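To start, the structure itself, in structure tokens.
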Amino acid sequence: MRTIGLASLIVLLAVGAVVFVLAAGERQTLVVGLALAAVGLPMLVLSRIHLGRAFSVAPKATTLVTTGVYSRIPHPMFAFLDLALLGAVIALRMPWLILIWLALVLAHVWAATREAKVLEDAFGDAYRNYRAKTWW
298 MRTIGLASLI
308 VLLAVGAVVF
318 VLAAGERQTL
328 VVGLALAAVG
338 LPMLVLSRIH
348 LGRAFSVAPK
358 ATTLVTTGVY
368 SRIPHPMFAF
378 LDLALLGAVI
388 ALRMPWLILI
398 WLALVLAHVW
408 AATREAKVLE
418 DAFGDAYRNY
428 RAKTWW
């Protein structure tokens with residue numbers, strides 16, 4: 298059920314962004330786009346700080362981080378990067394960039410799925426209990 302909800306949210310964001318860019322004026326898209334980026338980028342940095350030494354480019358299980366932003370969002374670096382990029386697409390007023398944004402979101406979903414598998418294999422029930430407490 299979480300997967301369907303998350304997929305629906307991504308599609309709604311993409312369609313909404315295209316409709317908004319096509320219907321709104323230049324000033325409105327700039328303000329909304331910059332606002333999304335202004336939320337996404339600091340939260341991305343905060344997520345990286347909360348991850349601490351557990352950060353790695355390739356998925357590996359050294360520590361299960363369940364505090365801070367991670368207490369509710371299982372992959373906040375991906376989520377906030379995607380939010381900031383969506384803001385950039387809206388601010389730039391280039392609806393075709395939504396296709397590239399969607400491709401990046403799909404790549405992040407794939408990477409998050411790989412990461413989740415590594416963490417579940419390493420931490421078992423502790424990881425499953427943690428995921429039961431997250432929003433998605």
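Letter by letter, the sequence shown follows residues 298 to 433 in our numbering.
Ideal Cβ placement from N, Cα and C applies to all residues, glycine included.
Every value quoted in this text rests on a predicted model; they were computed, and no experiment measured them.
The Cβ-Cβ distance between S344 and V362 does not fall below 7 Å.
For V328, the enclosing alpha helix (DSSP H) covers residues E323 to L348. In this structure, A388 lies near G330, with their beta-carbon atoms less than 7 Å apart.
Per DSSP, the continuous alpha helix (DSSP H) segment holding W407 begins and ends at L394 to F420. Counting only the Cα atoms, F375 lies some 21 Å from P392. Setting aside the 5 residues that flank it on each side, A358 is surrounded in the same chain by V415, L416 and A419, each with a C-beta closer than 6 Å to its C-beta; the list follows chain order.
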